[in-house]
Amino acid sequence: MSTKTTIDRLCEHVGQSVTLQGWVHKTRSSGKIAFVIVRDGTGLCQCVIEKNEHTEPFFETATHLSQETALEIAGTVRADERAVGGHELDTIGLAVIHAAQDYPITPKPHGIDFLLKQRHLWFRSERQYRILRIRHTLVNAIRSFFNDNGYILIDTPIFSPSAGEGTSTLFAVDYFGEPVYLAQTGQLYVEAACLAHRKVYCFGPTFRAEKSKTRRHLTEFWMVEPEIAYAYLDDVIGVAEDFICSVVQRVLSQHRADLVELGRDLAPLEAIRKPFCRLTYDEAVEILHGPKARELLEADLTQKNARIAELIAQIEQLTETQRTAKKKWQQEKAAQDIQAAREERAELEEQVANIPHHIELAANFQWGSDLGGSDETIISRLHDRPVFVTHYPKEVKAFYMRIDRTNPKRVENFDMLAPEGFGEVIGGSAREEDYDRLLERIREDGLPQEPYEWYLDLRRYGSVPHGGFGLGVERTLAWLCSLKHIRETIPYPRMMGKIYP
RNA sequence: UCCCCGAUAGCUCAAUCGGUAGAGCGAGCGGCUGUUAACCGCUAGGUUGUAGGUUCGAGUCCUACUCGGGGAGCCA
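Here the first sequence stands for residues 4 to 504, where the numbers follow the working numbering.
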């Protein structure tokens, strides 16, 4: 029996015979030679089986291995540039552990609805494998940043007796006959803890019952929320800045190849460094009303329309090619190209249809309302680094945010917009530390005082300026990997109307 | 909750003016000495989302519903 090893360690065994335990990822055969690409959870390895080196039945078995069949395969390790990963196995023998039949996810494209129903199998696909490994690194980087900088982990409850910021967006649960809610933030709890430990953070799932069906929303997602005592708005923003730089560096240093394989342009990530851009809400509104926002979207419109025209011409030409091509494979190639062009065109047309609406939303933006998704996209695309937007009108923000003492219509909050149009990934603020002001805000929002007595206690006993923020893990990962949709960033996405598997 | 788009083979998609539902992938069989979504030939595979309507005739037109995608609002 040869040494058992894993694909990531093949370089240590060149010239030796080893055994891999894995699954059949793909196969190809050509009469006298067969290639079995084996996946073992650490990488991919091409196993070569030459007919004249084996018995007829063995070769027969090897050429009929079906996708995702579990197997042990033994062979001699050889370095070869033609193989994925740089090493291949000159196969000596193999044992089928479980023969898989009719694996649903084929090497051809699939629709998102189908893939989400196959999420439990989709993990095995190369792209999903990479994304979830980057997620692992991101989560680790987040934990390391706080652990290495003196923050204490405080786990906050998932059952909440009261609504954090209003009841409309929460999931109600029956708790021994009492209605309680799934937590939409751990913030209030972590505020209490920062007065004990100075610097704390919580990291867990949060739940929002918003009926949003967009590429940026999940009903269950992971959020990390640091909270710091004796901190003002600028201190908290500074932490957010260091934090983002730290996790971006970590992901970049450990996953260059993965990011490139995912089609991520590394340059914008490499450009992430302090200081980030800072805008007040008023300045952001000015940008939206100004010529730059309009010019950006109009340029977008022209560019996209030009591309659509290009695609239409291309489709026509391809249709002609398809009709006149003599070889069958040429016709099929043309058919595939047509399909790809049609898809791109459909997506662009949808975007183009939305642009006038986005122009209008920006131009008619009312001072006092919250920035919309398209507005955030505009602001973030007009800057090449993350942007902090600060000092929103208090009416659109939560009761616990600190009133700006120099301008009481504003609160000392900030949102961080990721670059390249990815939009909000962080929301944070200084917290109102003054008892009377806080109570007034609770009353203004029409909230009952009784459930917040414990929270008010924090302002009765040794209240200090403090603040923190929340970062959405999935949105951050979508930005880092440059993914169109957030649903690929979490193992089991929970969305409106989707809860399988 | 509102607006736009869609639903055809296990999967991804075609089907011109309303006129006999077709490809590729996957599956099965055969061929090919190094393939990278390999390639080539053959075989099997269909209640066109559901319920009505218009018509000599509906995948195609109309109405309602169901499910999905994108966007708005809301948000991380």
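Just so you know, even glycine gets a beta-carbon here, dropped at the ideal spot from N, CA and C. These numbers come from a predicted model, not from an experiment.
### Message
Buried or exposed, going by whether 16 or more other CB atoms sit within 10 Å of the CB of H28?
### Response
buried
### Query
Does the distance from the C-beta atom of R267 to that of C484 stay below 8 Å?
yes
### Whole runs of the alpha helix (DSSP H) within the region 43-101, excluding any shorter than 4 residues
59-66
### Nonlocal neighbours in the same chain, by C-beta distance under 6 Å from F148, ignoring five residues either side
F246 and S249
### Query
So what does DSSP say about P359, is it helix, strand or coil?
helix
### Where the beta strand (DSSP E) through R31 begins and ends
S20 to S32
### Task
Report the option in E313, Q342, S372 and S377 whose CA atom is closest to the CA atom of Q354.
S377
### Task
Whole angstroms is fine: what's the gap from Q24's alpha carbon to I100's?
9 Å
### Task
Could you check which residue in P294, E223, I155 and V414 has the C-alpha nearest to that of G500?
E223
### Query
What are the start and end residues of each continuous beta strand (DSSP E) run of 3 or more residues lying completely inside the region 402-429, in chain order?
416-421
### Query
Which of the three DSSP states, helix, strand or coil, is assigned to T217?
coil
### Task
Measure how close the beta-carbons of T492 and I134 come, nearest whole angstrom, since I'm counting them as under 8 Å.
6 Å
### Task
Starting from L185, follow the beta strand (DSSP E) in both directions and report where the run begins and ends.
E181 to L185
### Query
DSSP state of W370, grouped into three classes?
coil
#### Entry: Simplified DSSP state of F391, which is helix, strand or coil
strand
### Message
Rounding to the nearest angstrom, what Cα-Cα distance links V414 and G430 in this structure?
### Response
13 Å
### Message
Spatial neighbours of E264 within its chain, please: C-beta separation below 7 Å, excluding the five flanking residues on both sides.
### Response
R133
### Query
Are G426 and R219 touching if we call contact CB-CB under 8 Å?
yes
### Task
Report yes if the CB atom of H292 is closer than 8 Å to the CB atom of A366, and no otherwise.
yes
### Task
Would you list the residues sitting across from T283 in a DSSP beta bridge?
T393
### Query
For the putative contact between S20 and I95, defined by C-beta atoms under 8 Å, what is the C-beta separation to the nearest angstrom?
6 Å
### Message
Let's test the definition: count the other Cβ atoms within 10 Å of the Cβ of D217 and tell me whether it reaches 16, buried, or not, exposed.
### Response
The residue you asked about is not Asp; residue 217 is Thr in the sequence shown. Exposed is the call here.
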